[in-house]
Structure formats: structure tokens, C-alpha cells
Amino acid sequence: MKFYQQTRLQRIATLVAEGQLTAQEAAFFKTNTGLTQEAADQLIENQLTTFALPEGVARGVQVDGHVHTVPMVTEEPSVIAAASHGAKLLALAGGVQTTIQQRAMVGQVILQPITPAQLAQVQAATAQLAQVANAAHPSIVARGGGVDRIRYRQLDVQTVSLDLIVDVQEAMGANMLNSMLEAVAAVLRQQFDVTVLMSILSNYATTSLVTATGQVPVASLARTGQTGAQVAAGIVNASHIAQIDPYRAATHNKGLMNGIDAVVMASGNDWRAIESGAQAYAARDGQYRGLSTWHIRGEQLVGSLTLPLPVGYVGGAIRVLPAAQPNLALMGVHSAKALASVIAAVGLGQNLAALHALVTSGIQKGHMALQAKSLAATAGATPEEVPLVAAQLQQAPRMDLATAAALLQELRQ
Ligand code: NDP
Numbered sequence: 001m002k003f004y005q006q007t008r009l010q011r012i013a014t015l016v017a018e019g020q021l022t023a024q025e026a027a028f029f030k031t032n033t034g035l036t037q038e039a040a041d042q043l044i045e046n047q048l049t050t051f052a053l054p055e056g057v058a059r060g061v062q063v064d065g066h067v068h069t070v071p072m073v074t075e076e077p078s079v080i081a082a083a084s085h086g087a088k089l090l091a092l093a094g095g096v097q098t099t100i101q102q103r104a105m106v107g108q109v110i111l112q113p114i115t116p117a118q119l120a121q122v123q124a125a126t127a128q129l130a131q132v133a134n135a136a137h138p139s140i141v142a143r144g145g146g147v148d149r150i151r152y153r154q155l156d157v158q159t160v161s162l163d164l165i166v167d168v169q170e171a172m173g174a175n176m177l178n179s180m181l182e183a184v185a186a187v188l189r190q191q192f193d194v195t196v197l198m199s200i201l202s203n204y205a206t207t208s209l210v211t212a213t214g215q216v217p218v219a220s221l222a223r224t225g226q227t228g229a230q231v232a233a234g235i236v237n238a239s240h241i242a243q244i245d246p247y248r249a250a251t252h253n254k255g256l257m258n259g260i261d262a263v264v265m266a267s268g269n270d271w272r273a274i275e276s277g278a279q280a281y282a283a284r285d286g287q288y289r290g291l292s293t294w295h296i297r298g299e300q301l302v303g304s305l306t307l308p309l310p311v312g313y314v315g316g317a318i319r320v321l322p323a324a325q326p327n328l329a330l331m332g333v334h335s336a337k338a339l340a341s342v343i344a345a346v347g348l349g350q351n352l353a354a355l356h357a358l359v360t361s362g363i364q365k366g367h368m369a370l371q372a373k374s375l376a377a378t379a380g381a382t383p384e385e386v387p388l389v390a391a392q393l394q395q396a397p398r399m400d401l402a403t404a405a406a407l408l409q410e411l412r413q
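Under the UniProt record's numbering, the letters of the sequence shown match residues 1 to 413, in that order.
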């Protein structure tokens, strides 16, 4: 039986049999009820309850020569099916390759107003400011990280951003960077009499860019009534439209962020940080564009996706959210870089699957099959009844909750 046809418990047993889950991890996935109210109360303010979301896995995600089973947290039907489909297509030609030039966080101390003479004084003290920053979080230096460099950007005639670029090692680094920035700001105020408007990290993490590339044999894209070459040409055109039209680009990027956010959430990372960085990067040349592009090279459809992925492997909510560490173990990643590579690869596959559906059968066909299941369950169908109601619902003239309820009633008579 295929993985997606198995029951939840059968899937967990399959992962154990494949050696992807230990017995202990399997026990966690079987019985996990999420955050306790007490842990939730420690995380946020004015806590009332917890809010659960489904988690599933995309299988066969091949990244840099390793095959990963990737946990994804999402409430949207068809995201995981599409991620798996995209990964399968990309695996036909060796999977996804990733490159990470650098992994560092950027933070800003905004100096305003500042005169050219004051700026010259501050610039002359750059080495001292780097020392101040490192002294504010010495443990990151002990771990082999710390300040990489400081740069200055003139934002307008009286405003300069002092950018602190920090190697945050395995953490996302927001808190450690903010401590460093505030220490630098304090010295600038006290010793240089400069007005500091604010200091905070930037989520536009251009020093944590990840590129995922992959290819698919054009012939494998063929569908009934369309040759592989026609489908590939459609995907290339669709990717071009996302480069020239922000209306399309927003949806193109939403589609690939469906996959990226789902893995970021499963890993316990801050998905708003990743979203804001990705969206800013999509507009980096002044026009908002698709984050990924596709072109044809010989017999292959070749795709590339670049975005900032400053995710952490430790720290933040990773240590608090109960599923985060078991998910990282299941994903088979052991560093922030490896996690970022898997996330980018899922994004590329998600994008491929979405574009493939759009230029062939359309997005609704796949969506509707899953939507039918979801409507059947919402109408009150038991797990045994769901496939029966969903199958009839797809044949019905209208696919809505009322029809699902009526079909369920009929079935039970
Ligand atoms: P933490 O404050 O949890 O800091 C990381 C922790 O990991 C440190 O305590 C560090 O220990 C520890 N650590 C252990 N091993 C390593 C290692 N190998 N490399 C690096 N650190 C290690 O989290 P972050 O500073 O990463 O900040 C992330 C959090 O900040 C997220 O929850 C995010 O939501 C939040 N945040 C985000 C903002 C934004 O995006 N704009 C703004 C503010 C907060 P040690 O101290 O001993 O080095």
C-alpha cells in the first residue's frame, strides 16, 4: 500500500521499519498532544489555550545527495501532496542541489541625525564597535561565531544605518544580535554623542541566501493531450509571467511559501521572519518578482530558487515546542545549513508541482480531491466514511458542505 493510502499509525510504523524513526520518536508521534497549557503560558502573554495544526510528511525529498522525509505543518489541503509530487519529479534527475554562500545575520543601528563629521568618527572606531558587540554575547564568539563585519549605509542626508553582520552559528540569532546591537548603540550614545533612533536585527537576511537548483527530464512532464515539451514550455512561460507581473508573482511566491512555511513551522522556527525576508528579497530590484525561475536546457527543465533562509537549528522556540526536535530528527538534518537546504529544496519542488498543475490540468483538480475529503470530514463522516463520501462528492454537481452532509445522510440510511 502506498504511503499516502496508509493510516496514520501505519505511516508511523513504515517510518520505523525504514529506520527513519526510533521507537521512542515513534511513540512521541503516536501520542503527541502538542504543547501543555503550562508551556504555552510560558511562551506568550495572556495565554488562553493552544491551537493545533495538522502535520504530515513529504517523502523522497532528495537534497545534495541525501533523501529526506520532511515534516510539514499546514492546514491547507494538497500542499503536502504537491511537495511530494515536486520532489518526485526533481528526483528523476538527481534531486536538488543547494548552495549557501554565507550564513550570517544582519542587524541595524539607525543613526539619526548624524553629520558627516560624526560618521567619520564612528567609522574610525569600527574595530572598537565590533569588540563591544562581541563582548555583549561572548558565548557566540566561543562557539566560533561573532561579528563578521560592520558596514555603513547612508539612507538619506542625515540618516545612516550601521549594519552589524554576525555569524550566529547554529541559532537564528535574533535575540543575540539584538543584545549586541543595543550594546553598540549604548556606546555610540555615550562615547560619540550620536543620536541612535533604534537598533534591531533586519529580517532582510541577504547574508543568509540559499539557492536550490534542480532539473526534470522534459519527457517526464508529458500529460494526456500534452507532450513533455509543451508542458515544459508552459512552465517556462509561467515562470516568466511571475518575473514581469506582480499579481502573478505574489501567487507564484505564495505557492512556494506554502511548502517553505510548512517546513519552517515544523522545525520550530519563526516563519514570519522567513516570510518577511523572502518577500523583501522578491522585491530586491524595485519590482516584486517570482523567487524562482525555470528554463529549458537541452532535454531538461531547469529550475532555480534563491531566498534568505536564516533558520536556526537551536534556540528560540525550537527548545520549547515539543514536536520541533523530533521533527528535525525525522528530517535527518543536524545543522542550520542542512535545514535551510531542505527547506529551499521543498520550496523548489512545491513551485514545480504548482506550475505543472497550472499549465496542465489546472490547480482545482488536485485541490478538489483533497477538498472533498476535508468537506466529508467536516460534515461529520467517520474515517471509514470519508473516502466514500469524498468519492461521491467529486461526482456531484456541487461540491459544498450541504452536499457532503446530504451524501453522508444517504450513506447512513
Ligand atoms: P535564543 O535567544 O534562544 O539564542 C540562541 C541560543 O542557542 C543561545 O542561548 C545559545 O547559547 C544557544 N546555542 C546552543 N548551541 C548553539 C550553537 N551551536 N550556535 C548558536 N547558538 C547556540 O534565540 P535566537 O537568538 O536564535 O533568536 C531567535 C528567536 O528570536 C526566535 O524565537 C524569534 O522568533 C525571536 N525574535 C525574532 C525577531 C525578528 O525576527 N525580527 C525579533 C526578536 C526576537 P549561548 O547564549 O550560550 O551562546
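Using N, Cα and C, we set each Cβ at its ideal position, and we do this for glycine too. Quantities reported herein were computed from a predicted structural model and do not represent experimental measurements.
- Message: For the alpha helix (DSSP H) containing Gln191, name the first residue and the last one.
- Response: By one-based count along the sequence shown, residue 191 stands at place 191. Looking at the DSSP string, the run of the alpha helix (DSSP H) that includes Gln191 is Ala174 to Phe192.
- Task: Pull up the distance between the alpha-carbon of Gln190 and that of Ser161, whole angstroms please.
- Result: The count along the sequence shown starts at 1 and reaches residue 190 at position 190. The count along the sequence shown starts at 1 and reaches residue 161 at position 161. Their Cα atoms are separated by approximately 18 Å.
- Is any heavy atom in ligand 1 found nearer than 7 Å to the beta carbon of Ala174? Your numbering for residue 174 matches position 174 in the sequence shown. Yes, since a heavy atom of ligand 1 falls inside the 7 Å radius drawn around the Cβ of Ala174.
- Message: Need the endpoints of the alpha helix (DSSP H) that Asp41 sits in, please.
- Response: Numbered from its first residue, the sequence shown carries residue 41 at position 41. Segment Gln37 to Leu43, the alpha helix (DSSP H) holding Asp41.
- Task: Pull up the distance between the alpha-carbon of Ile110 and that of Thr159, whole angstroms please.
- Result: For the purposes of this step, residue 110 is taken as the residue at position 110 of the sequence shown. For the purposes of this step, residue 159 is taken as the residue at position 159 of the sequence shown. Taking the straight line joining both Cα atoms gives about 7 Å.
- Query: Tell me which same chain residues have a C-beta within less than 7 Å of the C-beta of Leu401, skipping the five on either side of it?
  - Reply: The residue you call residue 401 lines up with position 401 of the sequence shown. The residues are Leu375, Thr378 and Ala379.
- Query: Hey, quick one: how far does the alpha helix (DSSP H) through Ser208 stretch, first residue to last?
  - Reply: Numbered from 1 along the sequence shown, position 208 holds the residue referred to as residue 208. That residue, Ser208, is in no alpha helix (DSSP H); it is neither H nor E in DSSP.
- Item | beta strand (DSSP E) runs contained entirely in the segment 228–307, provided each spans 3 or more residues | Those beta strand (DSSP E) runs which fall completely within the segment 228–307 and span 3+ residues are 292–297.
- Item | Contacting residues, own chain, Cβ-Cβ under 7 Å from Ala58 (five flanking each side not counted) | Position 58 of the sequence shown, counted from the start, is the residue given in the question as residue 58. The residues are Val70, Met72, Ile80, Ala83, Ser84, Ala87 and Val346.
- Item | Local conformation of His334 per DSSP, three classes | Sequence index remark: in the sequence shown, residue 334 carries index 334 (1-based). Here His334 sits in coil by DSSP.
- Query: Does the Cβ-Cβ distance between Arg153 and Ala336 come in under 8 Å?
  - Reply: Within the sequence shown, residue 153 is the residue found at index 153, counting from 1. Within the sequence shown, residue 336 is the residue found at index 336, counting from 1. No.
- Minimum C-alpha distance to Ser361 - residue among Thr98, Ala222 and Ala205: To locate residue 361, count along the sequence shown from 1; it is residue 361. Ranking Thr98, Ala222 and Ala205 by Cα distance to Ser361 puts Ala222 first.
- Message: Quick check: Gly107 and Asn203, are their CB atoms within less than 8 Å of each other?
- Response: On the sequence shown, position 107 is the one that residue 107 refers to. On the sequence shown, position 203 is the one that residue 203 refers to. Here Gly107 is not near Asn203, since their CB atoms are 8 Å or more apart.
- Task: Rounded to whole angstroms, what's the CA-CA distance from Gln350 to Met265? Just pull it up for me.
- Result: Taking the sequence shown and counting its residues from 1, one reaches residue 350 at position 350. Taking the sequence shown and counting its residues from 1, one reaches residue 265 at position 265. Distance between the alpha carbons of Gln350 and Met265: 16 Å.
- Message: Measuring alpha carbon to alpha carbon, tell me which residue in Gly298, Val302, Gly286 and Ile318 is nearest Trp271.
- Response: Taking the sequence shown and counting its residues from 1, the one referred to as residue 271 is at position 271. Cα-wise, what sits closest to Trp271 is Ile318.
- Message: Between which residues of its own chain and Gly65 is the CB-CB distance below 8 Å, once the five residues before and five after are set aside?
- Response: Looking up residue 65 in the sequence shown gives position 65. For Gly65, where only same-chain residues beyond five positions count, the Cβ hits under 8 Å are Gly95.
- Per DSSP, the bridge partner or partners of Ser202: Against the sequence shown, residue 202 aligns to sequence position 202. BP columns for Ser202 point to Val106.
- In terms of residues, what are the limits of the beta strand (DSSP E) holding His85? Working through the sequence shown from its first residue, we reach residue 85 at position 85. Per DSSP, His85 belongs to no beta strand (DSSP E); it is in the alpha helix (DSSP H), Val79 to Ala91.
- In this structure, does DSSP put Gln6 in helix, strand or coil? Within the sequence shown, residue 6 is the residue found at index 6, counting from 1. Coil at Gln6, not helix or strand.
- Item | Assigned exposure category for Thr7 - 16 Cβ within 10 Å defines buried | Residue numbering aside, residue 7 sits at position 7 when the sequence shown is read from its first letter. The residue is exposed, with fewer than 16 neighbouring Cβ atoms inside 10 Å.
- Message: Just to confirm, is the Cβ distance from Gly290 to Gln243 under 8 Å?
- Response: For the purposes of this step, residue 290 is identified with residue 290 of the sequence shown, where counting begins at 1. For the purposes of this step, residue 243 is identified with residue 243 of the sequence shown, where counting begins at 1. Contact: yes.
- Which same chain residues, not among the five before or five after Phe29, have their C-beta less than 6 Å away from its C-beta? Within the sequence shown, numbered from 1, the residue matching residue 29 stands at position 29. Around Phe29: Ile12.
- Does the beta carbon of Ala135 fall short of 7 Å from some heavy atom of ligand 1? Mapped onto the sequence shown, residue 135 falls at position 135. For ligand 1, not one heavy atom lies less than 7 Å from the Cβ of Ala135.
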